[in-house]
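The structure appears right after this line, and notes come after that.
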Amino acid sequence: MKLSIPKYWRRRFDYYSVIIAECLDCGKKTYPRKHICPYCKSRNVRAITSAGIGEVIAYTISYFRVEGSEEHIPKIVALIKLDDGPILIGELVDLDLSELREGLRVEAVLRKIRTDDPGGLIYYGVKFRPLMK
Amino acid sequence: MVSNRVYISSSSMLKVSRYFTKSYKELALDVVTEIFRCVDGGLDSVDYVVVSNVFSDSILDQLDISTVLNQELGLVPKPSLRVETGESSGLSAVIHAYALIKSGLASSVLVLGVEKGSEFPTTVINKHITKFLDYEVESIYDFALVNEAALLMKLYMKKYNHRREDLSTWSIKMHENAIKNPYAQLRFSVSAEQVVNSQIISEPLRLLDAFPVGDGASALLLTSKEDLIQSDDPIEIIAGYQATSLPLNLRDDLLELPASKSLFYRALSECGLKLDDAVIEVHDSYSIFGYLAIESLGLVERGKAPEAIKDLNMVNLSGGLKARGHPIGATGVYQVSEVFKILTDGLGDLRRDATWGLIHSMSAIDNNSSVVVLKRCS
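Which chain is which? The protein sequence lines are H and A, in order. The opening residue of the first sequence carries number 5 in my numbering; numbering runs sequentially from there. The opening residue of the second sequence carries number 118 in my numbering; numbering runs sequentially from there.
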């Protein structure tokens, strides 16, 4: 077993949905959620579950080989501006390369992110697919 | 005679390469032996050892590496510690050593940067390199620094209307510079055509836009003792600045290096550094970062770096991370060693009479940044 179960489990809600923080003092939004607003340092922040819908600002098709994740190559990594929140970095899935463009509307979807050694758990997290009409 | 000024007494380094027959201890031994060959009584005078190494536990299966190195190198019972701030660790170590001397806790400090990047195949090293980002947020998804560098290239090309081939100039220039640096890893020239046709890593970023993986070691002896200064024309460390910034996705301006920019501003305003009388080393693990660094420094207008770098003959004379190589934890120590040699006896045949040295290092995309300012005292 290479992956720690509690390390992942305690953040499961942040892996199963897009949770952002809104600062009730300066109004700025942060992904991932933080206890302290990184902009105005206020602790007066609240967590919001984002609708997970946004737009691709930029994307890259990656062939970077990392041990243990070669099966996921190539993958598309994008900067996504959430409609109700900040920019985040996300992986794009379920799309034909011909659909890929800046400005593409996308939505969060649950996908497998890691598989531990044989006998270990399968880990899930949020990726993004083209917005279903 | 002891002052509270911090001078570089001597420096040494190995060619960045793949040393399959040598361990990190042997690389360290080589550079430390060279330092004390140059400085009479230097070893006895050292009262602190600061080691910079990033992957000691993940690659070398070693914690407390600074003690193990002291035991190996005849440096017991001197105190030692390891500094780790990601890719900027080497320059952080130099700044920590500078602070020890400035504070009066030490009068001579040995700074030792050593890294073994070639102990495993690249995919394993790549795994460790992703750890410079926030594991819980980015690395767990296998997002890598190279992906973020590629995204910045796209944003940069779009904002300033550059074609992909326009962004080959950094690599071409760095490889050209590295040919003159005997310690550089990639001592060959490349053409724009070779850059844009090299292997795709994360499009539009290609192999020849990226630093090579390698092993390296470099050492510096910093001192406030005037009898350990080798030259009539000594090089003093005037300042060491450090700062952190928010991750890329939370920045208002994605094409600015906020921590680096604030440190460059301090170097220029507080030290009186003159860019036209300086030798400059900036952090260019990926060529886009080199462009952004010289723009954040104010050396060139924003968006103009790809054209301007062709004629800048005081930036990354070493070849930069791109072509000298990037032995991660040792890199910042290399940068200072190189600038010191260029200002004094020469790095190979490379010698400049400039008054100032400016060294910049960062981790990931400016997640943290360090700047060191050197000045010729004559």
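C-beta: ideal position from N, C-alpha, C; glycine also.
Relative to Val488/A, the option among Leu363/A, Ala145/A, Gly159/A, Phe381/A whose CA is nearest is Phe381/A.
Flagged as an interface residue toward chain H: Asn264/A, by a C-beta distance shorter than 7 Å. Within the region 53-68 of chain H, contact with chain A at the beta-carbon level (separation under 9 Å) is assigned to Ile61, Ala62, Tyr63, Thr64, Ile65, Ser66, Tyr67, Phe68. As DSSP reads the structure, Pro134/H sits in a beta bridge with Val110/H.
Judged by their CB atoms, Ala395/A and Ala471/A are nearer to each other than the 7 Å cut-off.
By DSSP's assignment, Cys27/H forms a beta bridge with Val49/H. Contact check for Val450/A and Gly230/A: beta-carbon distance about 3 Å, within the 8 Å limit, so the pair qualifies. Contact between the region 279-297 of chain A and the region 39-46 of chain H is absent, with fewer than three C-beta pairs closer than 8 Å. At a cut-off of 7 Å between C-beta atoms, Leu101/H does not count as an interface residue with respect to chain A. Contact annotation, Val399/A with His477/A: C-beta distance approximately 5 Å; criterion of less than 8 Å satisfied.
At a cut-off of 7 Å between C-beta atoms, Glu282/A does not count as an interface residue with respect to chain H. Nearest to Thr461/A by alpha-carbon distance, out of Ile426/A, Lys492/A, Asn433/A, is Lys492/A.
Cβ atoms of Glu204/A and Thr448/A come within 8 Å of each other, at about 7 Å. Against chain A, the beta carbon of Arg15/H has neighbours under 8 Å at Glu253, listed in chain order. Residues of the region 27-57 of chain H whose Cβ lies closer than 7 Å to any Cβ of chain A, in chain order: Thr34, Tyr35, Pro36, Pro42. Identification of chain H residues near Thr247/A by a Cβ-Cβ cut-off of 8 Å yields Val70, ordered along the chain. If you ignore the 5 residues before and after Ser341/A, its C-beta comes within less than 8 Å of the C-beta of Val119, Ser120, Asn121, Arg122, Val123, Tyr124, Ile218, Ser224, Ser225, all in its own chain and listed in chain order. Ser197/A places its beta carbon less than 7 Å from that of Asn187/A. For Gly333/A, the uninterrupted beta strand (DSSP E) segment begins and ends at 332-342. As the crow flies, the alpha-carbon of Asp466/A is around 7 Å from that of Lys297/A.
The region 79-92 of chain H makes contact with the region 357-371 of chain A; the number of CB pairs closer than 8 Å reaches 3 or more.
Between Glu232/A and Ile459/A, the beta carbon gap of about 22 Å keeps them out of contact (Cβ cut-off 8 Å). In this structure, Ser413/A keeps its C-beta atom at 7 Å or more from the C-beta atom of Lys391/A. In this structure Leu345/A is in contact with Ser162/A, their Cβ atoms being roughly 6 Å apart against a cut-off of 8 Å. Segment contact: the region 73-84 of chain H against the region 57-65 of chain H, three or more CB-CB distances shorter than 8 Å; contact assigned. When C-beta atoms of the region 320-335 of chain A are compared with those of the region 402-410 of chain A, three or more pairs fall below 8 Å, so the two segments count as touching.
The continuous beta strand (DSSP E) containing Val488/A extends over residues 485-493.
Note that the C-beta distance between Ser206/A and Leu338/A is not below 7 Å. At least one CB atom of chain H sits nearer than 7 Å to the CB of Lys271/A.
Taken atom to atom, the span from the alpha-carbon of Leu125/H to that of Trp13/H is near 11 Å. Per DSSP, the beta-bridge partners of Glu95/H are Val81/H. Within the DSSP secondary-structure output, Val149/A pairs in no beta bridge. Nearest neighbour of Leu7/H by Cα position, chosen from Val312/A, Ala356/A, Tyr258/A, turns out to be Tyr258/A.
The beta carbon of Thr361/A sits no closer than 7 Å to any beta carbon of chain H.
Residue contact check for Asn243/A against chain H: a CB pair falls below 7 Å. For Ile91/H, the neighbours in chain A by C-beta distance under 7 Å run, in chain order, Asn366.
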